[in-house]
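The number in this note's numbering is simply the position in the sequence shown, starting from 1, with 165 added.
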Amino acid sequence: MTVPDAFVVDGRTLSCDDVVRVATGDVPVRVAPEAMAAAHLAWETAGAASSARPVYGRTTGVGANKDAVVGTGGPGEHDLRLLRSHAAGVGELLEPAVVRAAMLIRLNQLAAGGSGIHPRFVTALETALRTGAVPTVHDGGSIGTGDLATLAEIALALTGHVPWARGAVRAVALEPGDALAFMSSNAVTLARAVLATDELNRLLGSAHTVTALSYCALAGSPEAFAEEVHARRPHPGSVRSAARLRELLWHEGDLSPGRRIQDPFGLRAFPQVHGPALDAVDRLRSTLEIEVNAAAENPLIDVVGGGVFHHGLFSTAYVALALDQVRAAVHHVAELSAARLGDLMEPEFTGLAPFLAAGPEGSSGLMILEYLTHDALGRLRHAAGPVTLGTSVISRGVEDHASFTPHAARSTAASAGSYRTVLACELVAAVRVLRLAGTAPRGRLLAARFADLDASLPDVREDHRVGDDVHAAGAAIDRWGRSAQAGVSP
166 MTVPDAFVVD
176 GRTLSCDDVV
186 RVATGDVPVR
196 VAPEAMAAAH
206 LAWETAGAAS
216 SARPVYGRTT
226 GVGANKDAVV
236 GTGGPGEHDL
246 RLLRSHAAGV
256 GELLEPAVVR
266 AAMLIRLNQL
276 AAGGSGIHPR
286 FVTALETALR
296 TGAVPTVHDG
306 GSIGTGDLAT
316 LAEIALALTG
326 HVPWARGAVR
336 AVALEPGDAL
346 AFMSSNAVTL
356 ARAVLATDEL
366 NRLLGSAHTV
376 TALSYCALAG
386 SPEAFAEEVH
396 ARRPHPGSVR
406 SAARLRELLW
416 HEGDLSPGRR
426 IQDPFGLRAF
436 PQVHGPALDA
446 VDRLRSTLEI
456 EVNAAAENPL
466 IDVVGGGVFH
476 HGLFSTAYVA
486 LALDQVRAAV
496 HHVAELSAAR
506 LGDLMEPEFT
516 GLAPFLAAGP
526 EGSSGLMILE
536 YLTHDALGRL
546 RHAAGPVTLG
556 TSVISRGVED
566 HASFTPHAAR
576 STAASAGSYR
586 TVLACELVAA
596 VRVLRLAGTA
606 PRGRLLAARF
616 ADLDASLPDV
626 REDHRVGDDV
636 HAAGAAIDRW
646 GRSAQAGVSP
């Protein structure tokens, strides 16, 4: 068995793909020596600054308690009170992959050298990720100005004050300033956003194959995807989407004219609707990669000039707006999938029985797929509502704005599951049409996808429970997304 190469955390170059790989796989992690040195220098700088001037969260309380002077009691006593008071422990438990992603992001941010936390916390996070230790973390209390409650729970696990969900590391001691330096981050929200974005990106990629199979089942027209058409309005996403469909359908020169002079919108407008979703995901990934590499702690410790800066980098409006845009774009894409499903059920488009029934007169066939699809589409529509229209005023009016980015990230994760269901229902119907018509797709790329489906999707034509079909189709969609991400051809 080969041991994977260690992923090196340097505080500068963490990508969304890196986060997914470490969060979902057994990838060892180590901190670059220069990053550890930067964290150590920031800790020394913070200590020197705190002895010369008031520093929020180090020599003062937090929130509306910003003017209260702290420091009495034993070393780290105020910090322990701060962690305990903020670790509310409310809400559902976070999945281990989300917690691991959050720990990696927080480790990378600390390695950027702006927090002033004691370097032992950097080492402790590195050890936890290397050994597979996962804290118990509840999902509650974040509104987009820092994941205070969730990160406080992780810090309490690292300091030995709460039990771990899996494994453990040797407890580290708290020093003045460590509590806020650890909590001042949106790492948990970013973790969920990265994982949800990765899932949506894979589903959007697989949607090209699903649409291509529906195109074959409906005998679509190639004109809507022609390069000459998309060169006239060259938005990157729509150009890329049309090119992928051409690759899947006609990479060997098969340009059949199609049954109709022009197709319904589900086929004809696919690149124009799918393209904005691809572009939105690209912008979101770029935004997230800025965030996961940011030294955004408040206050920021400047090791170059020795200064301390109190600021508002904790605000995540960029991420919230980007997540809102992605969900809206994906909802449009899912609507087209539902439209294609309706076309696949219609004898006028397929020449087959209504609802693709193959049994006695009055058989329902795949009628229920439309109900499943519109249930999932309704859920997706509710999840697509913008979170950025709300705000809050808390802490005696001192904190008077919030982006609600955590809610946007949760809704985005929920959207991925709903979108998968919509695509899976369309795929089941497309395969049924191709089987009933006896017209397997030609061409190496799409034929390989269809062969995968033919082997994994039950071929039961009389009325039956279609849940197994939908689950198998969803699994195939996930396989295609992972293989495309890994650069593996069908």
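The beta-carbon is built from N, C-alpha and C at its ideal position, and this holds for glycine as well.
Of the candidates Ala382, Arg177, Gly241 and Ser386, Ser386 places its Cα closest to the Cα of Ser421.
Beta-bridge partners of Val173 (DSSP): Arg195.
The Cβ atoms of Leu545 and Ser580 lie closer than 7 Å to each other. For Phe435, the enclosing alpha helix (DSSP H) stretches over residues Phe435 to Val457.
Within the DSSP bridge table, the entry for Asp467 names Gly472 as partners.
Inclusion of Ser350 and Ala485 in the CB contact set at 7 Å is not warranted, their separation being larger than that value. CA-to-CA, the gap between Asp244 and Gly222 works out to about 9 Å.
For Ala330, there is no enclosing alpha helix (DSSP H); the enclosing beta strand (DSSP E) covers residues Trp329 to Arg331. Per DSSP, Pro401 is one residue of the alpha helix (DSSP H) stretching across Pro401 to Trp415. The continuous stretches of alpha helix (DSSP H) do not include Gly228, and DSSP gives it neither H nor E. One alpha carbon belongs to Pro401, the other to Arg614, and they sit about 26 Å apart.
Secondary structure of Leu531 (DSSP, three-state): coil. For Glu627, same chain residues with a beta-carbon under 6 Å away, outside a window of 5 residues either side, are Gly524 in chain order.
Gly241 and Asp343 do touch by the CB rule: their CB atoms are close to 7 Å apart, below 8 Å. Taken in chain order, the unbroken stretches of alpha helix (DSSP H) that lie wholly in the region 203-285 and span 4 residues or more are 242-251 and 261-276. Counting C-beta atoms within 10 angstroms of its own C-beta, Leu258 has fewer than 16 neighbours from the protein chains shown and is therefore classed as exposed. Annotation: the continuous alpha helix (DSSP H) that includes Glu364 extends over Ala352 to Leu383. For His566, the secondary structure class from DSSP, reduced to helix, strand or coil, is coil. Annotation: Ala573 to Gly477 spans about 20 Å, alpha carbon to alpha carbon. The continuous alpha helix (DSSP H) containing Gly507 extends over residues Ala482 to Leu509.
Sequence-distant Cβ neighbours of His395 in its own chain, meaning closer than 7 Å and more than five residues away, are Ser403, Val404, Ala407 and Pro436.
A straight line joining the alpha-carbon of Ala522 with that of Asp312 spans about 52 Å. Under the three-state reduction of DSSP, Val184 is assigned to helix. Taking the CA atoms as reference points, Leu383 sits about 12 Å from Val375. Taking the Cα of Ala602 as reference, the smallest distance to any Cα among Gly278, Phe286, Thr288 and Cys381 is reached at Cys381.
With a 10 Å radius around the Cβ and a threshold of 16 neighbouring Cβ atoms, Gln490 comes out buried. In the structure shown, His303 adopts extended strand secondary structure according to DSSP, grouped into three states. By a beta-carbon distance limit of 8 Å, Ala518 contacts Gly530. Their separation comes to about 7 Å.
Straight-line spacing of the CA atoms in Ala352 and Pro219 works out to 26 Å. In this structure, Arg433 is the residue among Thr225, Arg433 and Asp363 with its C-alpha nearest to the C-alpha of Ala391. DSSP places Gly543 in the helix class (H, G or I) of the three-state scheme.
By the C-beta density criterion, Gly646 is buried, having at least 16 other C-beta atoms within 10 angstroms.
Taking the Cβ atoms as the reference, Thr354 lies roughly 5 Å from Thr570, within the contact range of under 8 Å.
DSSP places Arg424 in the coil class of the three-state scheme, outside both helix and strand. Between Leu294 and Met268, the C-beta spacing is below 7 Å. Annotation for Thr225: Pro219, Lys231, Asp232, Ala233, Val234 and Val235 place their beta carbon closer than 7 Å to its own, counting only its chain and skipping 5 residues before and after.
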